[in-house]
Amino acid sequence: MLATVIHAARDIRVEEVADPVILAPTDAIVRVVAACVCGSDLWPYRGITPTTKPRRIGHEFVGVVESVGDAVSRVRVGDFVIAPFYWCDMTCANCVNGVSTSCLNGGWWGAPDRHGDFVDGAQGEVVRVPLADGTLVATPGMPAPELIPSLLTLADVMGTGHHAAVSAGVGPGSTVVVVGDGAVGLCAVLAAKRLGASRVVAMSRHSDRQAIAREFGADDIIEERGAEGIARVKELFDGIGPDCVLECVGTAESMEQALKSARPGGMVGYVGVPNGGAELPIQLMFGSNVGANGGVAPVRNYVEELLPEVLDGRIAPGRVFDLEVPLAEAAEAYAAMDERRATKVLLRP
Ligand SMILES: [Zn+2]
Numbered sequence: 055m056l057a058t059v060i061h062a063a064r065d066i067r068v069e070e071v072a073d074p075v076i077l078a079p080t081d082a083i084v085r086v087v088a089a090c091v092c093g094s095d096l097w098p099y100r101g102i103t104p105t106t107k108p109r110r111i112g113h114e115f116v117g118v119v120e121s122v123g124d125a126v127s128r129v130r131v132g133d134f135v136i137a138p139f140y141w142c143d144m145t146c147a148n149c150v151n152g153v154s155t156s157c158l159n160g161g162w163w164g165a166p167d168r169h170g171d172f173v174d175g176a177q178g179e180v181v182r183v184p185l186a187d188g189t190l191v192a193t194p195g196m197p198a199p200e201l202i203p204s205l206l207t208l209a210d211v212m213g214t215g216h217h218a219a220v221s222a223g224v225g226p227g228s229t230v231v232v233v234g235d236g237a238v239g240l241c242a243v244l245a246a247k248r249l250g251a252s253r254v255v256a257m258s259r260h261s262d263r264q265a266i267a268r269e270f271g272a273d274d275i276i277e278e279r280g281a282e283g284i285a286r287v288k289e290l291f292d293g294i295g296p297d298c299v300l301e302c303v304g305t306a307e308s309m310e311q312a313l314k315s316a317r318p319g320g321m322v323g324y325v326g327v328p329n330g331g332a333e334l335p336i337q338l339m340f341g342s343n344v345g346a347n348g349g350v351a352p353v354r355n356y357v358e359e360l361l362p363e364v365l366d367g368r369i370a371p372g373r374v375f376d377l378e379v380p381l382a383e384a385a386e387a388y389a390a391m392d393e394r395r396a397t398k399v400l401l402r403p
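Each position in the sequence shown, counted from 1, maps to that position plus 54 in our numbering.
Written as structure tokens, this is what we have:
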């Protein structure tokens, strides 16, 4: 089968690799229908996290189950399934507590499992899925093709945007600012509105992304950043700032922007991968009573809540995909996202 391999910074290749097979009775083999490139895949692509040897990449996919191990009972051959950006059992204490990213038996795509057996990356034709009964969520029947991009967002970006909103305590009547206009930031706008926010302001400098933010329910857009951006936020929210700020970037600058934008006593929900040197300034937070809550999003715990709304069209987070390319052209997908020619790219095996 074909799968995407990163060899070094800016060196993405689609290569022939071994077909996965069932290795454990809890495994499933899934033929990928759609996968995508994540903003976090750009860290190794740009060389910010080093690639010392060629490795498989990609962690978001939806597909159809081709075979299952003897111990798999919830997921059946022929099911259309959503896989989160990690695999997990959904039965251990951490999964039950809503933190399936810390599953006591789970792990990551494109890396060895706990027996040392390789687990495929998501940007390929077929994936061996460990702990299939916990990891995978089947849709009722085969979804309409136009729903597939939105279903794919439940693997990561929509669940992650939702986690930012939940972590910040967004609820009916909340006022919200979203820092970051990547796919996660845009989904965070949608998530905040969905949870009942009375006013959502998106911070974005790109007209195409501003348009999606508006579609997702943003009431206003702020283009300024830094001190000017903070001043503009305060101005829009009674001179004090919003109740909740959703930090969806992960750099030192974006975290500072978020913490200084929230009103005193407000809460920052942070989901940006902190590869950019973000740290929490306790002195500032002490003085303002602004809190920070969040982390790597346990998106698997959110699928059951969000899936019905995707299926009946109440939310359409798949709008964040603005480019689709065949898997064979994965290198172009990375380049397009790196050069900001695309917000998020869907890959079709
Ligand atoms: Zn678990």
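Backbone N, C-alpha and C fix where the C-beta goes; we use that ideal spot for every residue, glycine too.
C-beta atoms of residue i and residue j nearer than 9 Å
i	j	result
residue 167	residue 78	yes
residue 292	residue 267	no
residue 175	residue 154	no
residue 344	residue 97	no
residue 379	residue 371	no
residue 301	residue 285	no
residue 179	residue 56	yes
residue 412	residue 323	The structure shown has nothing for residue 412, since the chain only spans 55 to 403.
residue 396	residue 298	no
residue 126	residue 80	yes
residue 369	residue 244	yes
residue 85	residue 117	yes
residue 216	residue 237	no
residue 391	residue 164	no
Residue range of the unbroken beta strand (DSSP E) whose run includes residue i
i	result
residue 312	Taken as a continuous stretch (DSSP letters only), residue 312 belongs to no beta strand (DSSP E), being part of the alpha helix (DSSP H) at 306-315.
residue 336	It is not in any beta strand (DSSP E) - residue 336 instead sits in the alpha helix (DSSP H) that spans 336-342.
residue 417	Missing from the structure shown is residue 417; the chain here goes from 55 to 403 and no further.
residue 82	82-90
residue 402	399-402
residue 353	Premise fails: residue 353 is in no beta strand (DSSP E) and is neither H nor E.
residue 54	Nothing about residue 54 can be reported from this structure: the residues present for the chain run from 55 to 403 only.
residue 106	Element bounds for residue 106: n/a, residue is neither H nor E.
Segment limits, alpha helix (DSSP H) that includes residue i
i	result
residue 213	211-221
residue 238	237-248
residue 137	Here residue 137 belongs to no alpha helix (DSSP H); instead the beta strand (DSSP E) covers 134-137.
residue 267	261-269
Pocket of ligand 1 (residues with CB nearer than 7 Å to any heavy atom), chain order: By the rule of a C-beta closer than 7 Å to any heavy atom of ligand 1, the residues picked out are 142, 143, 144, 145, 146, 148, 149, 154, 157, 158, 159, 160, 188.
If you pair each beta-carbon of the stretch 352-360 with each one of the stretch 207-218, do three or more pairs fall below 8 Å? Touching, per the Cβ criterion.
Tell me whether the stretch 332-347 and the stretch 124-138 touch, counting them as touching only if at least three CB pairs, one residue from each stretch, are closer than 8 Å. Counting Cβ pairs under 8 Å, fewer than three are found: no touch.
Spell out a yes or no on whether the stretch 189-209 and the stretch 255-266 are touching, meaning 3 or more CB-CB pairs, one atom from each, closer than 8 Å. no
With three or more C-beta pairs closer than 8 Å as the rule, is the stretch 104-117 touching the stretch 55-73? With three or more CB-CB distances shorter than 8 Å, the stretch 55-73 counts as touching the stretch 104-117.
Every unbroken alpha helix (DSSP H) within the stretch 129-176, with a cutoff of 4 residues, ordered by chain: 147-150
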